[in-house]
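First the structure, in the form of structure tokens, and then the observations on it.
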Amino acid sequence: MAPPDIRIFNTMQQTKVPLVPLNPGKLGIYVCGPTVYSWVHIGNARTFTSFDTIVRYLRFRGFEVRYVRNYTDVDDKIIKAANEAKEDPIALAAHFIREFEADTKALHLLPPDVSPKVSDTIPEIVAIIEKLIARGAAYAAGGDVYFEVRKYPGYLKLSKKNLDDLVSGAGERELVLDSKKDPMDFALWKAAKPGEPSWDSPWGKGRPGWHIECSAMSAKYLGETFDLHGGGLDLIFPHHENEIAQSEAASGKTLCNCWMHGGFLDLEGAKMSKSLGNVVRLRDALQQVDAEALRFFFLTTHYRQALSFSDKQLADAETRMEYFYETLRKVDERVEGKDFGQGALHGDPERFLRELDEAMADDFNFPGALGALSGLFNELNQLTDKPPVKDKAMVGRTLLALRDIAKKASLALGLFEDKPSDWLLRRRDRQVARLGIDVAKVDAGIAARQEARVAKNFQEADRIRAELKAMRVEIMDTPAGTSWKVLSELPTT
Ligand code: AMP
Ligand code: ZN
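Residue numbers (the working numbering): 3 to 495.
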């Protein structure tokens with residue numbers, strides 16, 4: 003059966019549109035990256051995880067994806083933070099780029115194919131501004147250069163805002179003209195001020211405005227028209243609107259075929275944001291929970307919907323991941339290295355992959371894909387614990403087929419990248435730390451129980467088992483010996 007056609011909600015058209023690559027089999031995607039003046043928080047991480055999952059799925063579907071995500075390393079907020087810390091702004095940004103890379107690696111995000119920086123793109127930025135001036139879309143004024151919004155007829159076509167409404171709704175500060183012709187004209191180039199990083203340009207020393215960087219970098223690495231452009235909802239206006247105006251006025255071509263915007267991660271009803279200060283740093287979250295559990299939590303909601311963060315949701319996500327990994331461990335134990343021969347399978351294992359594919363093809367319906375995973379793991383458990391058929395070889399073959407599908411699903415979604423036993427041990431370590439379990443006491447209990455069993459004192463062995471259970475420790479006797487796990491803090495349903 004042919005795989006389902008992919009349809010994506012395009013913010014420009016406000017509807018789902020078929021994905022038609024500019025070049026067959028290839029896709030270029032540009033995602034606006036972080037402004038590196040502080041630590042990446044889990045709100046940023048949600049957006050980057052959404053696009054990471056989207057890229058993984060598109061690759062899983064066979065597309066050759068070129069994924070570009072920039073670093074904004076020249077910006078008002080960076081300069082302000084550097085001045086406060088009495089540091090060089092570019093050095094401060096370089097520091098937070100390194101920390102961002104460490105944190106997103108810990109979250110298992112794929113490194114983009116290109117991660118350009120503003121400070122490395124100045125010649126291209128200057129060239130595009132020169133082109134805009136030559137085309138009459140921008141003007142220089144006292145060392146600054148502005149984009150003239152009223153000269154570009156398509157302005158606000160993404161956000162569907164109205165220019166006159168914007169002007170009448172603007173605050174006093176936004177209405178100050180300085181050297182602008184219109185209060186809504188925005189800066190492409192800002193004349194150098196003391197203490198700010200600056201570069202030579204035809205308009206004197208200065209630095210780029212915020213939006214022009216993405217126009218220059220996307221054109222440099224993906225061409226003047228490309229397939230997909232992503233970011234969080236907050237970027238629609240003014241950032242993406244201004245990117246469109248700059249790029250399209252300069253090239254005369256459509257900037258990109260599909261605009262994708264991710265919903266916010268909220269904390270207690272407000273958008274998690276560096277400026278509000280209500281942030282949970284990614285690094286701190288990853289001290290508390292496993293990276294895949296955090297990814298699982300993000301995927302429980304459609305990428306365009308708001309998602310509320312709570313410690314309980316995160317703990318629930320890790321418990322759910324424990325159920326998945328425990329299932330994989332159990333199944334591996336049953337089937338690994340065994341040959342069940344050729345022959346019929348029980349049921350239709352491929353069905354779960356089709357369900358996952360259909361959900362993801364429909365505007366990347368993450369919760370739908372997780373629903374397909376639940377079905378798959380339910381089937382794995384059923385077949386392992388209570389097989390509905392007597393034919394052991396058939397059960398074995400079906401388990402192998404389902405295990406293979408779980409591997410494919412892990413490629414498409416970026417989950418289950420770990421060895422089950424490793425993941426489960428790390429989970430146990432975190433629980434031990436969280437609940438303050440005395441591991442030496444557990445080991446001693448297990449040894450004493452073993453002695454009691456050898457001496458056939460089963461009453462004593464049971465008493466020790468119960469004593470450990472009171473410490474939330476469950477003992478499991480396996481062919482490889484006695485192991486233990488911490489009883490889940492939450493139900494796994
Ligand atoms: P910034 O570093 O603030 O430029 O943000 C980097 C990316 O994170 C952008 O795509 C933002 O839209 C996104 N972002 C910022 N805050 C949140 C949030 N609370 N939830 C989801 N995405 C966010
Ligand atoms: Zn951008």
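All C-beta atoms, glycine included, are put in the ideal place defined by N, C-alpha and C.
All values reported here derive from a predicted model rather than from experimental measurement.
- Residue Pro185 holds the alpha-carbon nearest to the alpha-carbon of Glu174 among Cys34, Pro185, Ile80.
- Between Gly35 and Ser117 a beta carbon distance of about 7 Å is seen, short of the 8 Å cut, so the two are scored as contacting.
- In summary, Met3 is exposed, with fewer than 16 beta-carbon neighbours lying within 10 Å of its beta-carbon over all protein chains present.
- With a 10 Å radius around the Cβ and a threshold of 16 neighbouring Cβ atoms, Leu165 comes out exposed.
- Residue range 188-193 is occupied by the beta strand (DSSP E) that includes Ala189.
- With the rule of 3 Cβ pairs closer than 8 Å, the stretch 316-335 counts as touching the stretch 423-436.
- DSSP, reduced to helix, strand and coil, places Ile477 within a strand of the structure shown.
- With three or more CB-CB distances shorter than 8 Å, the stretch 273-285 counts as touching the stretch 28-43.
- With a cut-off of 6 Å, the C-beta of Cys216 is classified as near the ligand ZN, since at least one heavy atom of the ligand falls inside that distance.
- Scanning its chain for C-beta atoms nearer than 6 Å, with the 5 sequence neighbours on each side dropped, one finds around Ala252 the residues Ile130, Lys133, Leu134, in chain order.
- The alpha-carbon separation between His348 and Glu215 amounts to approximately 55 Å.
- A distance below 7 Å between beta-carbons, with the five flanking residues on each side excluded, links Asp54 to the following residues of its chain, in chain order: Leu111, Leu112, Gly416.
- The alpha-carbon separation between Leu375 and Asn383 amounts to approximately 12 Å.
- Selection Thr123, Ile124, Glu150, Gly144 evaluated against Ala136 yields Glu150 as nearest (Cα-Cα).
- For Gly373, the CB contacts under 8 Å within the same chain, skipping 5 residues up- and downstream, are Glu357, Ala361 in chain order.
- Per DSSP, His213 is not a residue of any beta strand (DSSP E), being assigned neither H nor E.
- A contact is defined here as three or more CB-CB pairs under 8 Å, and the stretch 333-351 meets this definition with respect to the stretch 388-402.
- Shortest gap from the CB of Asn383 to any heavy atom of the ligand AMP: 6 Å or more.
- Per DSSP, reduced to three states, the secondary structure at Asn72 is coil, with no helix or strand assignment.
- About 15 Å separates the beta carbons of Thr74 and Lys222, which is beyond the 8 Å limit, so they are not a contact pair.
- For Thr484, the secondary structure class from DSSP, reduced to helix, strand or coil, is strand.
- In the same chain as His213, and ignoring 5 residues on each side of it, the C-beta atoms closer than 6 Å to its own belong to His241, Asn244, Glu245, in chain order.
- Distances from the alpha-carbon of Lys273 to those of Ala308, Thr303, Thr256, Asp292 put Ala308 closest.
- Per DSSP, reduced to three states, the secondary structure at Ile8 is coil, with no helix or strand assignment.
- With respect to the C-alpha of Ala194, the residue from Lys388, Val76, Gly145 having the closest C-alpha is Gly145.
- Distance from the Cα of Thr13 is smallest, within the candidate group Gly234, Lys88, Arg285, for Gly234.
- A straight-line Cα-Cα distance of about 20 Å links Arg465 and Thr480.
- Residue pairing from DSSP places Met262 in a beta bridge opposite Gly232.
- In the DSSP assignment, the residues bridged to Tyr141 are Tyr148.
- Beta-bridge partners of Tyr32 (DSSP): Val70, His231.
- In the DSSP assignment, Asp424 falls within the alpha helix (DSSP H) that extends over 422-437.
- The closest heavy atom of the ligand AMP lies 6 Å or more from the beta carbon of Asp286.
- With distances taken between CA atoms, Leu237 lies nearest to Leu158 out of Leu158, Asp187, Val291, Lys183.
- Within the same chain, Leu330, Leu378, Phe418 come within 7 Å of Ala408 by CB-CB distance, once the 5 residues on both sides are set aside.
- A distance below 7 Å separates the beta carbons of Tyr69 and Pro114.
- Under DSSP, Val19 takes part in a beta bridge, and its partners are Ile10.
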